[in-house]
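Peer 1: When we follow the UniProt record's numbering, the leftmost residue of the sequence shown carries the number 1, and every step to the right adds one.
Positions of the beta carbon are idealized from the N, C-alpha and C atoms, including for glycine.
Attaching a single structure in structure tokens format; questions to follow.
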Amino acid sequence: MHDSCTQLPSELVEIIISEFWHSEHASADRVLFMTACPLISSLWRDVYVNITSRDIYVPTVSYLRYLSSVIRCKRSKIYGHFLPESTLTMTCYVDLTESDRDAAMHPYSVFCSMPNYIGFRKCFPNMKHIYLELRFRINSGLYLHRGQLTRTRVSIGLDKAAAALSILPVDWCISVSDAPDIDEVG
């Protein structure tokens, strides 16, 4: 790490990191950012940890295993004491717009095939939501134009559970860019 005398103000660093972190990115780009950002300086590392420990993105299965080891061992070189208490959301975002392969498909599948989320609620006691997001293009269809951008988002409300073993509310949103009018479909 290198701390320079000509460092950006912490407010600007926070804006840069937050804007990138909460934007849609392919897994490879997110992993590159997650690797490089904490190495810039101690300021960048501290701001990065503050933002990314609240809203965790899971770009690979390896990262999911890493989080598991941090929770189990209760130590991390990057996150220190921030995990797991500061975590409010966990997102798995899959971008299939440029190719049919994204490393986040594997953790996405893991999240989708879980019988329940009790373990997540136990490991991350303050986590409110798990978001499963998928972005892709439809290349053919009866009512959709070639290459229309489609997004799906599943939101699992962990904070809405009445008991440890209860049914969790799930919201599912699907959006299609330039969707046809309802009159054209019906």
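Does DSSP put residue 10 in a helix, in a strand, or in coil?
Peer 2: Mapped onto the sequence shown, residue 10 falls at position 10. Three-state DSSP puts residue 10 in a helix.
Peer 1: To which residues of the same chain is residue 156 closer than 7 angstroms at the C-beta, ignoring the five residues directly before and after it?
Peer 2: Translated into the one-based positions of the sequence shown, residue 156 becomes position 156. Here the set comprises 117, 129, 130, 168, 170.
Peer 1: Measure the Cβ-Cβ separation of residue 79 and residue 94 and say whether it is below 8 angstroms.
Peer 2: As a first step, residue 79 is located in the sequence shown; it is residue number 79 there, counting from the start. As a first step, residue 94 is located in the sequence shown; it is residue number 94 there, counting from the start. No; because the gap between Cβ atoms is not below 8 angstroms, this pair is not in contact.
Peer 1: Tell whether a beta-carbon distance below 8 angstroms holds between residue 84 and residue 59.
Peer 2: In the sequence shown, residue 84 corresponds to position 84, counting from 1. In the sequence shown, residue 59 corresponds to position 59, counting from 1. For residue 84 and residue 59, no; Cβs fall outside 8 angstroms.
Peer 1: Would you mind working out which of 159, 45, 75 sits nearest residue 88, comparing C-alpha positions?
Peer 2: Taking the sequence shown and counting its residues from 1, one reaches residue 88 at position 88. The candidate whose alpha carbon is nearest that of residue 88 is 159.
Peer 1: Which class does residue 34 belong to by DSSP, given the choice of helix, strand or coil?
Peer 2: To locate residue 34, count along the sequence shown from 1; it is residue 34. Note: residue 34 maps to helix in three-state DSSP.
Peer 1: Compare the beta carbon distance of residue 91 and residue 57 with 8 angstroms and say whether it is the shorter of the two.
Peer 2: Locating residue 91 in the sequence shown gives position 91, counting from the first residue. Locating residue 57 in the sequence shown gives position 57, counting from the first residue. It is a contact, given that the beta carbons lie within the stated cut-off.
Peer 1: Can you list, in chain order, the stretches of the beta strand (DSSP E) that have 3 or more residues and sit fully within the region 43-113?
Peer 2: With a minimum length of 3 residues, the continuous beta strand (DSSP E) runs that stay inside the region 43-113 are 55-57, 89-96.
Peer 1: Which residues in the same chain as residue 99 place their Cβ atom closer than 7 angstroms to its Cβ, once the five residues preceding and following it in sequence are excluded?
Peer 2: The residue labelled residue 99 in the question sits at position 99 within the sequence shown. Excluding residues within five positions, none has a Cβ falling inside 7 angstroms.
Peer 1: Hey, could you find the ends of the beta strand (DSSP E) residue 157 is sitting in?
Peer 2: In the sequence shown, counting from the first residue as 1, residue 157 sits at position 157. Counting along the chain, the beta strand (DSSP E) containing residue 157 begins and ends at 148-157.
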